[in-house]
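Shown next, in structure tokens, is the structure this report addresses.
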Amino acid sequence: MPLTPGLIPKRQDELAKQLGKLVVDHLITPGRIQSKVINDASIQNMKIFVQAEVKKALSTQKSTAQLLDQLGMKNSSFTLEQRLQTFILGKYEIWSEENMSKSLKDTVPPHLQQKALDSIPALSHFIVKKGKEYFTVRKANAILKTCWMIFSRNGVS
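If you use this note's numbering, the sequence shown closes out at 171, no skipped numbers anywhere.
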């Protein structure tokens, strides 16, 4: 077909639509995009880019909230805190349900049980010391004597 000067301007819209359809339907397909983007070289380049950006973010003096705000995530510190609380609470509830029927001895690891037993003398000393400090006032002495008499009558000594 011979090109005449008036043919393209008259049918420019139709020609543009047909060329666009040709490009979308045959030249730029999801498969072609995927083959160009998802290949070993592209993945390696993405890893290098992400690593460089993470290093840059870690070396900055900005807070996490400022960095997330910079990425367009406003109120991110509140959102992160909320998500973290929800996550921890969920894990705690699951753990509680799984261990509710178990005794404390079956739940606490042996090394922590031993650590607790080993700290009893120091804890007792601390409680006695703080108790003495508290009961140095006359009124407190009277309260202590009254409590002691009650405990003595009930066989606690």
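Even glycine gets a Cβ: it sits at the ideal position worked out from N, Cα and C.
Here the structure is a predicted model, which means the values were calculated and not measured.
Close beta carbons around residue i, own chain, < 6 angstroms, minus the five adjacent residues each side
{"i": "N113", "result": "T121"}
{"i": "R25", "result": "none"}
{"i": "S171", "result": "The pLDDT assigned to S171 is 48, lower than 50, so where the model puts this residue is not dependable; a value taken from the coordinates is nonetheless given after this. Cβ neighbours of S171 beyond the five flanking positions: none."}
{"i": "D27", "result": "none"}
{"i": "A71", "result": "L81"}
Cut-off 8 angstroms between Cβ atoms - residues of its own chain near residue i, not counting five sequence neighbours on either side
{"i": "M87", "result": "T93"}
{"i": "P123", "result": "none"}
{"i": "K50", "result": "S56"}
Scan the segment 19-89 and note each continuous alpha helix (DSSP H) run of 4 residues or more that stays entirely inside, going in chain order. List check, alpha helix (DSSP H) in window: 21-24, 26-36, 44-51, 54-73, 78-84.
3-residue-minimum beta strand (DSSP E) runs that sit fully inside the segment 122-160, ordered along the chain: The segment 122-160 contains no whole beta strand (DSSP E) run of 3 or more residues.
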